[in-house]
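Mapped onto mature numbering (1 follows the signal peptide of the UniProt record, and there is no 0), the consecutive letters of the sequence shown carry residue numbers -19 to -1, 1 to 153. Read the structure below first, then the notes.
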Amino acid sequence: MKKWITALFAITAVVSLVALTPSRVSTKSADPREDSLAADRAKYTKMVKEAIAGKEKLPAEEVFKNIKIFKGQPAEAVLGIMENRWSKTLGVSCNHCHNVKDWASEEKHDHQIAREMVAMVGKINDDLIATMPSYATKDRKPRIGCSTCHRGESHPGRPNVARPGAAGPPRN
């Protein structure tokens, strides 16, 4: 009986020590590309924040040139949307759509594609989903967003070969 109690005590002590030992599991992203993109986005966001210092609360169109879809939004909200939503959802950094030396430039085609995608999402939400009485009800207002299709890829429906383990669309 004494051996049994001693063994139980030893097992309890070992389990307690294991539970209290700090985990060595890394908290870094499983995708190293996302870590470098986050650093890149942070660099550009910091640059823009410094450039608009003192004007963060003003409407975007008073702070930035060539604003088409964020009119009326505070300038700081535009930065948040770009850094934390759009670029993450598409798995890109600011330079994917913008010339980072001339933010208002239209030279990159993806700049206009983003505007058209925003209009498309609005149409789907407002004109299609909202008119489906069996799906959209008074208590349930489903909506889509960029991540519905993109899911971290700049071009939905085709693999992003830069991402480890990326697979293409299912084949029938």
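Built from N, CA and C at the ideal position, the CB exists for glycine as well.
Please name the residue, chosen from the options, that lies closest to residue i on a Cα-to-Cα basis.
i: N80; options: D91, G103, P123 and L71; result: D91
i: S17; options: C75, I105, E87 and I62; result: C75
i: R124; options: I110, R22 and E31; result: I110
i: V73; options: E31, E88 and G133; result: G133
If you follow the alpha helix (DSSP H) that residue i is part of, which residue opens it and which one closes it?
i: R132; result: That residue, R132, is in no alpha helix (DSSP H); it is neither H nor E in DSSP.
i: S68; result: S68 to L71
i: V44; result: A41 to V44
i: Q93; result: H90 to K104
i: E57; result: A56 to G61
Hey, is residue i close to the ligand SAM, as in C-beta under 6 Å from one of its heavy atoms?
i: D91; result: The ligand SAM is not part of this structure, which contains no ligands at all.
DSSP on residue i, reduced to helix/strand/coil?
i: D21; result: helix
i: D120; result: coil
i: N76; result: helix
Residue i to residue j, Cα distance in whole Å?
i: S135; j: D83; result: 22 Å
i: K49; j: Y25; result: 20 Å
i: S128; j: G103; result: 14 Å
i: R22; j: Y116; result: 37 Å
i: I33; j: T118; result: 42 Å
i: P137; j: S68; result: 14 Å
i: G126; j: P114; result: 20 Å
Original post:
Is the segment 35 to 43 close to the segment 54 to 64, with three or more CB pairs under 8 Å?
Top reply: yes
**OP:** Count the C-beta pairs between the segment 102 to 122 and the segment 59 to 66 that are closer than 8 Å, then say yes if the count reaches three, no if not.
**Re:** no
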